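Take a look at the structure set out below.
In mature numbering (1 follows the signal peptide of the UniProt record, and there is no 0), the protein residues as written are -19 to -1, 1 to 214.
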């Protein structure tokens, strides 16, 4: 019994959610693993299993700060981060209809260890999505996505209501709630094309490209063998 309990606790630590939004707020604690969420709440799209809150946080109409802690549990020495926004309250559970408006380019998080680590990431001036205008009183949701090294995504959200810059209801941004910890680094993401769409030519020979070539060849070999057998049988 003790061994079973220990394994359950260990598995909960491994698969639980991993990030917390510290500014401008947080929809709610989804660092939970239970019978309903055996892999952890935060894996559930779009907001980690949390419904819309009625206690929205005020955020500037011209964009503002977003801060979060990415290393609450193991497995995130490297991760990709996205920050998206959804508008209105006409979607499921009174939230946005979708969360398909990115506000910053995807970037990579470089943590100090693959074990849990402390530290905060601060984006001091997150803009509104391109070609988007809002007015005071409009509602939206900010979504922070952390893509784990194995490809699964963690979701956290904060529900906001827009206010004009300088509105006293907007929480002050300072060095205690929005800062970048020394132990956490960042990397820009870029791509190198190895094969253009519609072309059979490979631009460069990376390890992945060589693997694809081998797989393609392996896929053709049975057909070639079958054809040869039909001709000479």
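In this text, a Cβ means the ideal position worked out from N, Cα and C, and glycines have one as well.
Treat the numbers as computed from the prediction; the structure is a model and nothing was measured.
Cβ-Cβ separation, residue j to residue i (assumed contact under 8 Å), whole Å
i, j, result
"residue 67", "residue 124", "7 Å"
"residue 151", "residue 4", "About 11 Å separates the two Cβ atoms, so there is no contact after all."
"residue 162", "residue 2", "Incorrect: roughly 15 Å between the Cβ atoms, too far for contact."
"residue 91", "residue 165", "7 Å"
"residue 130", "residue 59", "6 Å"
"residue 139", "residue 42", "With a Cβ gap of about 16 Å, residue 139 and residue 42 do not count as contacting."
"residue 153", "residue 62", "That pair is no contact at about 24 Å."
"residue 170", "residue 89", "6 Å"
DSSP-derived helix/strand/coil call for residue i
i, result
"residue 22", "helix"
"residue 52", "coil"
"residue 75", "helix"
"residue 61", "strand"
"residue 45", "strand"
"residue 127", "strand"
"residue 109", "coil"
"residue 28", "coil"
"residue 12", "coil"
"residue 159", "coil"
"residue -8", "Note that residue -8 has pLDDT 37, beneath the 50 cutoff, so the model's placement of it is unreliable and the number below is only indicative. Helix, per DSSP."
Identity of the residues DSSP links to residue i by a beta bridge
i, result
"residue 122", "67, 140"
"residue 166", "91"
"residue 115", "Paired residues: none, contrary to the question."
"residue 176", "183"
"residue 40", "143"
"residue 1", "50"
"residue 152", "Partner(s): none; residue 152 has no beta bridge."
"residue 133", "Beta-bridge pairing links residue 133 to no other residue."
"residue 83", "65"
Local Cβ density within 10 Å of residue i, reported as buried at 16 or more and exposed below that
i, result
"residue 19", "exposed"
"residue 118", "exposed"
"residue 112", "exposed"
"residue 141", "buried"
"residue 81", "exposed"
"residue 49", "buried"
"residue 106", "exposed"
"residue 78", "exposed"
"residue 180", "exposed"
"residue 133", "exposed"
"residue 87", "exposed"
"residue 102", "buried"
"residue 121", "buried"
"residue 76", "buried"
"residue 11", "buried"
"residue 51", "buried"
Check: residue i C-beta below 8 Å from any heavy atom of the ligand NAD
i, result
"residue 136", "Here there are no bound small molecules, and the ligand NAD is not part of this structure."
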